[in-house]
Amino acid sequence: MNPALKGILYSSIAGMATALGGIPFLLWRREVSRKTLDVLLGFAAGVMLAATAFSLVVPSINLGGPLQFIVGFTLGAVFVHIMDKFTPHEHLIKGYEGPLSHSKMAKIWLFVIAIAIHNFPEGMAVGVGAFTKEAIVIAVAIGVQNIPEGTAVAASLTGAGYKRGRTFWITFLTGAIEIIGGLIGALLIAIARPLLPYAMAFAGGAMLYVISDEIIPETHSGGFELLSTYALVIGFVVMTLLDNLLG
């Protein structure tokens, strides 16, 4: 299969895995505890961390060398930081972030924007990774972590009072954002193949920034930091084993 088409296909499948996590909330309306949310997000963070290290950072260095890795990785982190600072968005746990003047946009769209900022680099990682031998590993990693992430998103929306149907479609939309990232990443490398090591490092830097700046602080703010830490360790171990099995 053409690598660009593979990147688009894989990012679509990985993104739609988010909707799998929201399916239970179509069947029943039950509030999920903060402890469960922190464990789910901790596991997702561990999977993302392993994918970043072994499927993006290491291949980037192998393909382009330390300098290209440093440039791409730093730019990825800075990109998400700028998006966080200048784009109005809302976290259901952390609250509003962005420009000091509070946005008049509907709160739910602020929430969707927040997820978009986080999921775009994940989709880009899958799209870019399609041009490497780590293609399936990256896609599986993002897909696996998207399932508990989707559950956490749907649980948060349900707890905030949103109806089941709307909760599912918003969860679906947050996963669909990864398709855009995958499309851009795949087309970018198809046009300019020498950018591959930079792009892989960029996606890795963006994902690591999200893990450190958003996911871990949120899972450590509700009193269940020990459980979320062990969930992260388990997620890291699971993804490392999958990386070896699939690689």
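So for the sequence shown, my numbering puts the first residue at -13; every next one is plus one.
Think of the CB as a built atom: it goes at the ideal place given N, C-alpha and C, for glycine as much as any other residue.
As the structure is a prediction and not an experimental result, all values here were calculated from the model.
Given serine 41, which residues of its chain have a CB within under 7 Å of its CB, disregarding the five upstream and five downstream residues? Apart from the 5 residues on each side of it in sequence, serine 41 sits with its Cβ closer than 7 Å to the Cβ of Gly115, Glu120, Val123, Ile124, Ala127 and Asp229 in its chain, given in chain order.
Nearest to glutamine 131 by CA position, among Lys149, Glu164 and Thr118, is which residue? Checked all of Lys149, Glu164 and Thr118; the closest Cα to glutamine 131 is Glu164.
Can you give the Cα-Cα distance for proline 183 and glycine 58, rounded to whole angstroms? The alpha-carbon atoms of proline 183 and glycine 58 are separated by roughly 8 Å.
Residues in its own chain within less than 6 Å of proline 107 by CB, not counting five upstream and five downstream? Counting only Cβ-Cβ distances below 6 Å, and skipping sequence neighbours, we find Ala189, Ala192 and Met193.
Whole-Å CB distance - glycine 1 paired with alanine 162, under 8 Å assumed: Indeed, because the Cβ distance is near 6 Å, the residues count as touching under 8 Å.
Assuming contact is defined by CB atoms lying nearer than 7 Å, are threonine 137 and glycine 28 in contact in what I supplied? Not in contact: threonine 137 and glycine 28 (Cβ atoms no closer than 7 Å).
Relative to the C-alpha of glutamate 135, which candidate in Thr118, Met110, Ala102 and Arg150 has its C-alpha closest? For glutamate 135, the closest of Thr118, Met110, Ala102 and Arg150 by C-alpha to C-alpha distance is Ala102.
Taking the C-alpha atoms as reference points, what is the distance between proline 10 and threonine 157? One C-alpha to the other measures close to 12 Å.
Cutoff 6 Å; reference leucine 61; Cβ partners in own chain excluding five residues on either side: Same-chain partners within the cutoff: Phe188.
Can you name the start and end residues of the alpha helix (DSSP H) that lysine 21 belongs to? That run of the alpha helix (DSSP H) goes 20 to 37.
Taking contact to mean 3 or more Cβ pairs, one atom from each stretch, closer than 8 Å, check whether the segment 33 to 51 and the segment 166 to 176 are in contact. In short, these stretches do not touch, since the Cβ pair count stays below three.
Whole-angstrom distance between asparagine 105 and alanine 111, CA atom to CA atom: Using only the alpha carbons, I get a separation of about 10 Å.
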